[in-house]
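**Student:**
Residue numbers (my numbering): 1 to 561.
Shown next, in the form of structure tokens:
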């Protein structure tokens with residue numbers, strides 16, 4: 001039987017300008033071949049920069065203008081590389097559809113959900129506006145959005161991340177395509193929403209008998225959803241096999257290394273293996289530096305509250321309690337993990353601690369003083385000692401500042417160092433401490449990968465000699481090997497500098513690796529609090545058990561359970 005889609009010797013390069021009159025090119029994909037059978041899911045996995053997204057976007061020629069493609073991409077026998085643009089546009093959305101990682105970048109913020117669902121139905125299927133509106137409501141119902149008729153008039157910003165992704169899936173399935181390209185569709189979602197989206201995709205795939213090209217760096221997800229796996233690195237295929245073989249008997253060292261990089265819910269080594277460790281044959285370090293159980297408490301939250309008010313009617317206001325009285329103690333050199341679904345209040349709690357949201361109640365004691373009552377110069381001095389690392393290093397670094405400027409600015413503002421020469425020496429030492437070279441100082445954020453940018457964001461925090469770092473989903477956007485490097489770095493810095501962390505995450509395996517104690521939040525309340533080992537081994541609350549049950553565990557663990 002002929003495959004639905006066959007990629008044959010695909011090469012993709014990007015023109016990068018001329019040097020001495022000669023056109024320069026960077027080759028992203030280096031002659032790869034694989035097939036996608038009908039009614040099956042093929043996963044494309046690898047680190048950032050492996051070429052997996054470039055390969056997928058080549059199928060419908062969604063690459064930038066400086067891209068050059070060679071080889072063949074046969075869809076039902078038709079070569080998409082030589083297909084005229086007009087014909088290709090009729091295939092996009094109708095025969096082959098895409099779901100991308102960030103729905104807010106893919107959904108038009110000025111159009112309602114109805115407008116965006118109706119467009120492909122009218123364009124590709126020739127439905128009337130009334131027919132398209134009725135079908136749009138059916139699609140929202142099919143992807144599990146409550147009150148679909150009312151939601152048709154919503155704008156994307158009025159929906160949660162999981163609902164936005166469901167709308168994207170509804171748009172992709174509107175014309176019942178034969179092939180769905182899903183590019184990291186669940187990376188930014190918490191575990192329960194991720195589980196819902198994966199189950200939804202599996203149900204819809206079975207109903208519509210479509211094939212899926214699933215792109216991900218999360219091998220736990222890949223193990224649960226895929227039939228076949230293609231492993232890529234540096235633009236080449238390192239291994240391809242059915243999912244059972246990849247997980248139970250991988251042949252390539254790189255595949256083995258990817259599997260070894262994943263944090264586990266059942267084992268907790270002192271350091272995570274990274275790609276180079278595994279390929280070099282180094283053993284995982286099982287015993288780390290012991291934590292002092294009698295370490296002094298550096299930060300205390302007591303009854304911390306945060307509310308937001310919304311207009312209701314002409315003159316009324318409605319209160320929304322995002323954080324409802326959170327209390328905890330954070331010891332020196334320890335890590336408090338904070339977990340919960342989207343909307344649980346965990347990020348709002350972290351930002352309220354830092355007074356990036358002004359609190360509506362409670363107290364936060366740091367060195368015996370209430371941070372929430374400080375003002376002026378006292379608060380400015382205290383801000384040096386408690387810093388934050390955000391989820392998205394692309395948004396948190398100024399694109400117009402070199403890395404040197406990025407690191408010098410906070411020291412200049414807070415008067416650290418007697419002059420710029422001394423500050424530069426400090427910046428150089430910090431950039432090396434986070435695993436980059438001195439040459440990085442002259443570069444700009446766009447010249448670095450996501451993992452490198454997150455290292456720079458951590459270095460920027462360290463310029464002020466903080467005692468507490470609030471890490472808000474700081475590794476969730478990173479692939480498994482880079483994530484392992486950053487987590488190891490955070491542990492090293494904690495051991496060396498005695499830092500205390502508040503680690504906010506939806507990834508429970510990551511939280512187990514880095515945290516000493518875990519706080520579980522739901523609807524603004526703390527529903528459970530215990531040591532990481534105790535909580536993950538013997539959760540008491542049904543909500544915590546549901547969070548753990550939603551964690552993707554890969555092919556072998558799924559098969560066993």
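The beta carbon of each residue, even a glycine, is placed where N, CA and C say it ideally should be.
How long is the line joining the alpha carbons of residue 565 and residue 513, rounded to whole angstroms?
**Tutor:** The chain is shown from 1 up to 561; residue 565 falls before or after that span and cannot be answered.
**Student:** Measure from the alpha carbon of residue 25 to the alpha carbon of each residue in 2, 33, 450, 16, then state which is nearest.
**Tutor:** 16
**Student:** Note down, one range per segment and in chain order, each alpha helix (DSSP H) of at least 4 residues found wholly within the region 169-229.
**Tutor:** 191-208, 219-225
**Student:** Go ahead and pull the three-state DSSP assignment for residue 340.
**Tutor:** Residue state for residue 340 is assigned as coil, using DSSP reduced to three classes.
**Student:** By the DSSP assignment, the beta strand (DSSP E) with residue 110 in it spans what residues?
**Tutor:** Residue 110 -> no beta strand (DSSP E), and no H or E assigned at all.
**Student:** With DSSP run on the structure shown, which of helix, strand or coil describes residue 501?
**Tutor:** strand
**Student:** Residues in its own chain within less than 6 angstroms of residue 99 by CB, not counting five upstream and five downstream?
**Tutor:** Counting only Cβ-Cβ distances below 6 angstroms, and skipping sequence neighbours, we find 168, 169, 172, 182, 185.
**Student:** Any idea if residue 217 is buried or exposed, counting beta-carbon neighbours within 10 angstroms, 16 or more meaning buried?
**Tutor:** buried
**Student:** Taking C-alpha atoms, which residue in 519, 5, 239, 259 lies nearest to residue 212?
**Tutor:** 5
**Student:** Residue 547 and residue 339: beta carbons closer than 8 angstroms?
**Tutor:** yes
**Student:** Can you list, in chain order, the residues of its chain whose CB lies under 7 angstroms from that of residue 174, leaving out five sequence neighbours each side?
**Tutor:** Around residue 174: 117, 120, 121, 139.
**Student:** For residue 460, report the span of its alpha helix (DSSP H) as first-last.
**Tutor:** 450-462
**Student:** With DSSP as the reference, identify every bridge partner of residue 44, one or two as the case may be.
**Tutor:** Per the DSSP secondary-structure output, residue 44 pairs in a beta bridge with 215, 230.
**Student:** Under three-state DSSP, which class holds residue 426?
**Tutor:** Here residue 426 sits in helix by DSSP.
**Student:** Is residue 432 buried or exposed, if buried means 16 or more other CB atoms sit within 10 Å of its CB?
**Tutor:** exposed
**Student:** What number of angstroms, rounded off, separates the C-alpha of residue 328 from the C-alpha of residue 14?
**Tutor:** 52 angstroms
**Student:** Can you list, in chain order, the residues of its chain with a C-beta nearer than 6 angstroms to that of residue 482? Leave out the 5 residues immediately preceding and following it.
**Tutor:** 451
**Student:** Strictly under 8 angstroms for the Cβ-Cβ distance: is residue 218 near chain B by that measure?
**Tutor:** Considering every chain present, this structure includes no chain B. It has just one protein chain.
**Student:** Below 8 angstroms, how does it come out for the region 130-137 and the region 77-91: are there three or more Cβ pairs, yes or no?
**Tutor:** no
**Student:** My assumption, with CB atoms under 8 angstroms, is that residue 454 sits in contact with residue 486. Please give the rounded CB distance.
**Tutor:** 6 angstroms
**Student:** Going by the DSSP bridge assignment, what does residue 335 pair with across the sheet?
**Tutor:** Per DSSP, 501.
**Student:** Using the three-state DSSP reduction, which class does residue 166 fall into: helix, strand or coil?
**Tutor:** DSSP places residue 166 within a helical segment (H, G or I) once states are collapsed to three.
**Student:** Alpha carbons only, please: which of 289, 380, 535, 335 is nearest the one belonging to residue 472?
**Tutor:** Checked all of 289, 380, 535, 335; the closest Cα to residue 472 is 335.
**Student:** Taking just the CA atoms, how far does residue 193 sit from residue 166?
**Tutor:** 10 angstroms
**Student:** Count the CB pairs spanning the region 522-542 and the region 494-507 that are closer than 8 angstroms, and state whether there are at least three.
**Tutor:** no
**Student:** Does DSSP put residue 593 in a helix, in a strand, or in coil?
**Tutor:** Past the boundaries of the shown model lies residue 593; the chain is included only from 1 to 561, so the question cannot be answered.
**Student:** So, at 8 angstroms on beta carbons, what are the nonlocal neighbours of residue 237 in its own chain, with the 5 sequence-adjacent residues on each side left out?
**Tutor:** 32, 33, 34, 230, 231
**Student:** So residue 434 packs on residue 459, CB below 8 angstroms; how close in whole Å?
**Tutor:** 5 angstroms
**Student:** Secondary structure at residue 297, three-state DSSP: helix, strand or coil?
**Tutor:** The answer is strand: DSSP assigns residue 297 an E or B state.
**Student:** In angstroms, rounded to a whole number, what distance separates the CA positions of residue 323 and residue 201?
**Tutor:** 33 angstroms
**Student:** What residues in its chain sit with their C-beta under 8 angstroms from that of residue 379, if we drop five residues either side in the sequence?
**Tutor:** The answer, listed in chain order, is 355, 371.
**Student:** Just to confirm, are residue 69 and residue 79 a CB contact at a threshold of 8 angstroms?
**Tutor:** no
**Student:** Have a look at the DSSP bridge pairing and note the partners of residue 484.
**Tutor:** None, per the DSSP bridge assignment.
**Student:** Considering residue 544, what are the terminal residues of the alpha helix (DSSP H) in which it resides?
**Tutor:** 542-549
**Student:** Using 8 angstroms as the threshold, is the C-beta distance between residue 55 and residue 29 below it?
**Tutor:** yes
**Student:** Would you tell me roughly how many angstroms separate the C-alpha atoms of residue 245 and residue 221, rounded to the nearest one?
**Tutor:** Computed Cα separation, rounded: 16 angstroms.
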